[in-house]
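Colleague: Counting along the sequence shown from 1, when you hit position 35 you're at 45 in my numbering, and nothing is skipped either side.
Where a beta carbon is used, it is the ideal one built from N, C-alpha and C, also for glycine.
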Amino acid sequence: MLRVYERVMQLIREAYERYLTTLNLSGNQLTQLPPEIKELKNLTRLYLSSSQNQFYFHINKSLKTIFMI
């Protein structure tokens, strides 16, 4: 599980550093989102398929689409 967390954190860091608008966290079987995801001010699309639960979260107003297929 630690490797999954490290991989997710690396993806979030890359998205932050590169000002990405799309982030794909699919396939990581997340049960919650790391709080650091709130720092992604440019994020407009978030992919979360294969998450274990559908959970409530607040990210930011710029997020327009969340995919949880």
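Can you check whether the CB of V14 is closer than 8 Å to the CB of P44?
Modeller: Not a contact, by the Cβ cut-off of 8 Å.
Colleague: Is the CB-CB distance between T7 and R55 below 8 Å?
Modeller: Here the chain covers residues 11 to 79 and nothing more, so residue 7 does not appear.
Colleague: Considering L33, what are the terminal residues of the alpha helix (DSSP H) in which it resides?
Modeller: Here L33 belongs to no alpha helix (DSSP H); instead the beta strand (DSSP E) covers 32-34.
Colleague: Assuming Y57 contacts L21 under a Cβ cut-off of 8 Å, what Cβ separation, rounded to an integer in Å, is found between them?
Modeller: Not quite, the Cβ-Cβ distance comes to about 11 Å (not below 8 Å), so this is no contact.
Colleague: May I ask you to report which of helix, strand or coil DSSP gives Q20?
Modeller: Correct three-state label for Q20: helix.
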